[in-house]
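**Q** I am attaching a structure below and will ask some questions about it afterwards.
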Amino acid sequence: MSTSELHLSRELHAGAPNARTLAERYLDVRARTEALCEPLEREDFVVSSMLDVSPTKWHLAHTSWFFETFVLSSHDSGYQSPDQRYAFLFNSYYVQAGERHCRAQRGLVTRPTVEQVFEYRAWVDDAMLRLIDRIAEDAAHPAVALIELGLQHEQQHQELLVTDIKHVFWTNPMRPVYDARATPIRAALEAGMRWKTMDAGIYHVGHEGAGFAFDNERARHRVFLEPFRVAERLVTNGEYLQFVNDAGYRRAELWLAAGFSCAQERRWEAPLYWERSRDGWSMFTLAGEEALAGGVLDEPVCHVSYYEADAFARWAGCRLPTEFEWEAVAPNVPVASHSGSARHLHPAAPKGARGLTQLYGEVWQWTGSAYVAYPGYAPAPGAIGEYNGKWMTDQWVLRGASCATAPSHMRPTYRNFFPSDVRWQFAGIRLAGSVSIA
Ligand SMILES: [Fe+2]
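Everything in the sequence shown is counted per the numbering used here, starting at 458 for the first residue and increasing by one.
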């Protein structure tokens, strides 16, 4: 279904107020996913360039499978999938939902075709909109919460779609441009780093009240923090370049042992997408190659692993914030992206801002907190309980949101998480430090 057809469909499904609200939100999220595909050619949809990268076509289908499996199968007795084999192809990791295709071979699946996957999306959309019409008068209907979860899930995959296609294009020697409008907003940065200092005390963290949150953001609880300080802006490319030029990647004393081994084995000498030539450093962006010079040096450094973020912080005489320190400073900062444009897919320098800035909409920020359950955490029963809970091992929490995150998907309590060595996400660095305890 094209974007224009989705808008037409919206007209047809304007029913009761609740129905209209939920149906519009459903259509908006589904349309944004497809809008992100507009710059792509058909061949681009099929490729997986490494194990972490899923083909665009897979993202389009998997998000539809999610609605089919967790909403329609339970709440629409008449629903039938257009092809029973899709459940095997497009289940990601839900063991309780049945057998699934090998992740490493997603890029080998040429059928269904891209057109058939778009038809699959339209099929699911029609069934979902009929269901929404039917249940809209009952806000407490159990399907409503699952539909919202499906929309939040699709927004997560919108970001993955972008990060994955960036890696696919970087892997291609032709270095395709996704969208020339994805260029950064240039802004002069004030020299030096300002800090926000926080007192020791008990802080409340985690989600409560109205509004969506994933189960891993609950339960809201108290934590005690010693006095600390958090950098008011993100670490820049220029600052990270100093670390690179200071032999940062070759000095074992700056690194965790596993991090140094990883960097040596993979021959890291700079962030992912940085490349050195006779003319100096450049980096690959979704708008093409950019020289690491001028205003680009003021942009936030991006595509670094936890290991690199940790080593840089040690080199700078600082550390990473814990996830609770990050959340403790967040409440008075508006949750907003720098541009709100779905096509602005590159982190930008702050625009003359003073005070705490760049929390949302530039890069996810690595924290020094392991991804573990909060007190009182309880995953949902059944396959849907596999969404977050079973990943609470060997991963680190990232806070904030990136330039590829949908604006309506950002919130202060959000807990993103990835293993220590991944670099293909829009992840960067905010520094923190302890202050003397009186
Ligand atoms: Fe998923």
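Ideal Cβ placement from N, Cα and C applies to all residues, glycine included.
What does DSSP give as the partner residues of W853 in its beta bridges?
**A** Position 396 of the sequence shown holds residue 853. DSSP lists A827, F875 as partners of W853.
**Q** Give a single yes or no on whether S549 has its beta carbon closer than 6 angstroms to a heavy atom of ligand 1.
**A** Taking the sequence shown and counting its residues from 1, one reaches residue 549 at position 92. The answer is yes for S549.
**Q** Let's see if you can read the secondary structure: which residues bound the beta strand (DSSP E) around W580?
**A** To locate residue 580, count along the sequence shown from 1; it is residue 123. From DSSP, W580 is part of no beta strand (DSSP E) but of the alpha helix (DSSP H) over 571-592.
**Q** DSSP three-state label for V486, please.
**A** Start at 1 with the first residue of the sequence shown, and residue 486 comes out as number 29. Helix.
**Q** Using 7 angstroms as the threshold, is the C-beta distance between H803 and A639 below it?
**A** Residue numbering aside, residue 803 sits at position 346 when the sequence shown is read from its first letter. Residue numbering aside, residue 639 sits at position 182 when the sequence shown is read from its first letter. In contact: H803 and A639 (Cβ atoms closer than 7 angstroms).
**Q** Could you pull the DSSP bridge partners for A748 from this structure?
**A** Here residue 748 corresponds to residue number 291 of the sequence shown, with the count starting at 1. Bridge partners of A748: S739.
**Q** Once you ignore the five residues that flank V790 on each side, which residues in its own chain have a CB closer than 7 angstroms to its CB?
**A** Position 333 of the sequence shown, counted from the first residue, corresponds to residue 790. Closer than 7 angstroms at the Cβ level, and outside the excluded window around V790, lie L813, L816.
**Q** Taking the alpha carbon of I604 as the reference point, which residue from L493, M507, T520 has its own alpha carbon closest?
**A** Numbered from its first residue, the sequence shown carries residue 604 at position 147. The residue with the shortest Cα to Cα distance from I604 is T520.
**Q** In whole angstroms, what is the alpha-carbon distance linking Y635 and T742?
**A** Indexing the sequence shown from 1 puts residue 635 at position 178. Indexing the sequence shown from 1 puts residue 742 at position 285. Using only the alpha carbons, I get a separation of about 9 angstroms.
**Q** Check this for me: beta carbons of F502 and V566, under 7 angstroms apart or not?
**A** Taking the first residue of the sequence shown as 1, we reach residue 502 at position 45. Taking the first residue of the sequence shown as 1, we reach residue 566 at position 109. It is not a contact, given that the beta carbons lie outside the stated cut-off.
**Q** Can you check DSSP and say which residues form a bridge with Y834?
**A** Counting from one through the sequence shown, the residue named residue 834 turns up at place 377. According to DSSP, Y834 bridges with nothing at all.
**Q** Classify C860: buried if its beta carbon has 16 or more other beta carbons within 10 angstroms, exposed otherwise.
**A** For this step, residue 860 is matched to residue 403 along the sequence shown. Buried is the call here.
**Q** Per DSSP, T478 is paired with what?
**A** By 1-based counting over the sequence shown, the position of residue 478 is 21. T478 pairs with nothing; no bridge assigned.
**Q** Identify the continuous beta strand (DSSP E) that holds A889 and give its terminal residues.
**A** Locating residue 889 in the sequence shown gives position 432, counting from the first residue. A889 -> beta strand (DSSP E) spans 889-891.
**Q** Under a Cβ-count criterion, where at least 16 other Cβ atoms within 10 Å of its own Cβ denotes burial, should N673 be classed as buried or exposed?
**A** For this step, residue 673 is matched to residue 216 along the sequence shown. Buried, since its Cβ has 16 or more Cβ neighbours within 10 Å.
**Q** Mapping the DSSP letters down to three states, classify G797 as helix, strand or coil.
**A** As a position in the sequence shown, residue 797 is number 340, starting the count at 1. Because G797 sits at a pLDDT of 45, beneath the cut-off of 50, its placement in the model cannot be relied upon, and the following sentence gives the value as read from the coordinates. DSSP places G797 in coil when its eight states are reduced to three.
**Q** Between the alpha carbons of W853 and G535, how many angstroms are there, rounded?
**A** Position 396 of the sequence shown, counted from the first residue, corresponds to residue 853. Position 78 of the sequence shown, counted from the first residue, corresponds to residue 535. Computed Cα separation, rounded: 42 angstroms.
**Q** Count the C-beta pairs between the stretch 674-681 and the stretch 651-665 that are closer than 8 angstroms, then say yes if the count reaches three, no if not.
**A** Contact between the stretch 674-681 and the stretch 651-665 is present, because at least three Cβ pairs lie under 8 angstroms.
**Q** In chain order, what residues of the same chain have a beta carbon less than 6 angstroms from the beta carbon of S826, not counting five sequence neighbours either side?
**A** Residue mapping note: residue 826 aligns to position 369 of the sequence shown, counting from 1. The answer, listed in chain order, is T779, E780, V854.
**Q** Return the CA-CA distance between A648 and P496, expressed in angstroms with no decimal places.
**A** For this step, residue 648 is matched to residue 191 along the sequence shown. For this step, residue 496 is matched to residue 39 along the sequence shown. Approximately 37 angstroms between the Cα atoms of the pair.
**Q** Determine the extent of the beta strand (DSSP E) in which A688 is found, giving its start and end residues.
**A** The residue labelled residue 688 in the question sits at position 231 within the sequence shown. Start and end: 685-688.
**Q** For W731, name the three-state secondary structure that DSSP assigns.
**A** Residue 731 sits at position 274 when you count from the first residue of the sequence shown. In the structure shown, W731 sits in a strand (DSSP, three-state: E or B).
**Q** Identify whether A639 lies in helix, strand or coil by the three-state DSSP scheme.
**A** Translated into positions along the sequence shown, residue 639 becomes position 182. In this structure, A639 counts as helix in the three-state DSSP scheme.
**Q** Just to confirm, is the Cβ distance from G695 to L754 under 7 angstroms?
**A** Walking along the sequence shown from the start, residue 695 turns up at place 238. Walking along the sequence shown from the start, residue 754 turns up at place 297. The answer is yes: Cβ separation under 7 angstroms.
**Q** Please report the straight-line C-alpha distance between W731 and S893, rounded to a whole angstrom.
**A** Along the sequence shown, read from residue 1 onward, the residue named residue 731 stands at position 274. Along the sequence shown, read from residue 1 onward, the residue named residue 893 stands at position 436. Rounded to whole angstroms, W731 to S893 spans 37 angstroms at the Cα level.
**Q** Count the other CB atoms, across all protein chains shown, that sit within 10 Å of the CB of R651; report buried if there are 16 or more and exposed otherwise.
**A** Against the sequence shown, residue 651 aligns to sequence position 194. Counting Cβ neighbours within 10 Å, R651 comes out exposed, since fewer than 16 surround it.
**Q** Note down the Cα distance separating A480 from P569, rounded to an integer number of angstroms.
**A** Within the sequence shown, the letter at position 23 stands for residue 480. Within the sequence shown, the letter at position 112 stands for residue 569. Going from the Cα of A480 to the Cα of P569 covers about 27 angstroms.
**Q** Could you check whether P630 and W580 sit closer than 7 angstroms to each other, using their CB atoms as the reference points?
**A** Taking the sequence shown and counting its residues from 1, one reaches residue 580 at position 123. Taking the sequence shown and counting its residues from 1, one reaches residue 630 at position 173. It is not a contact, given that the beta carbons lie outside the stated cut-off.
**Q** Does the Cβ of Y550 have 16 or more other Cβ atoms within 10 Å, making it buried, or fewer, making it exposed?
**A** Taking the sequence shown and counting its residues from 1, one reaches residue 550 at position 93. Exposed, since its Cβ has fewer than 16 Cβ neighbours within 10 Å.
**Q** Going straight from the alpha carbon of R578 to that of R733, what length do you get?
**A** Start at 1 with the first residue of the sequence shown, and residue 578 comes out as number 121. Start at 1 with the first residue of the sequence shown, and residue 733 comes out as number 276. One C-alpha to the other measures close to 42 angstroms.
**Q** Under 8 angstroms: do the stretch 583-596 and the stretch 701-710 share three or more Cβ pairs, one atom per stretch?
**A** Short answer: they don't touch.
**Q** Which residue wins for smallest C-alpha separation from Q609, given the options A657, F669, H624?
**A** The residue given as residue 609 occupies position 152 in the sequence shown. For the residues A657, F669, H624, the minimum Cα distance to Q609 belongs to F669.
**Q** Under 6 angstroms Cβ to Cβ from M849, same chain only, skipping five residues before and after it: list those, please.
**A** Sequence index remark: in the sequence shown, residue 849 carries index 392 (1-based). Here the set comprises Y828, V829, A830.
**Q** Evaluate G885 with the Cβ neighbour count: other Cβ atoms within 10 Å of its Cβ, from every protein chain shown; 16 or more gives buried, anything less gives exposed.
**A** Taking the sequence shown and counting its residues from 1, one reaches residue 885 at position 428. By the neighbour-count rule (16 or more Cβ atoms within 10 Å), G885 is buried.
**Q** Can you list, in chain order, the residues of its chain whose CB lies under 7 angstroms from that of V820, leaving out five sequence neighbours each side?
**A** Sequence index remark: in the sequence shown, residue 820 carries index 363 (1-based). L691, P757, C759, P804, S859, F883, A884, G885, listed in sequence order.
**Q** Taking 7 angstroms as the limit between beta carbons, can you name the residues of its chain near G797, skipping five residues before and five after?
**A** For the purposes of this step, residue 797 is taken as residue 340 along the sequence shown, with counting starting at 1. Because G797 carries a pLDDT of 45, less than 50, the predicted location of this residue cannot be relied on, and the following value inherits that uncertainty. So the list reads P864, once near-sequence residues are dropped.
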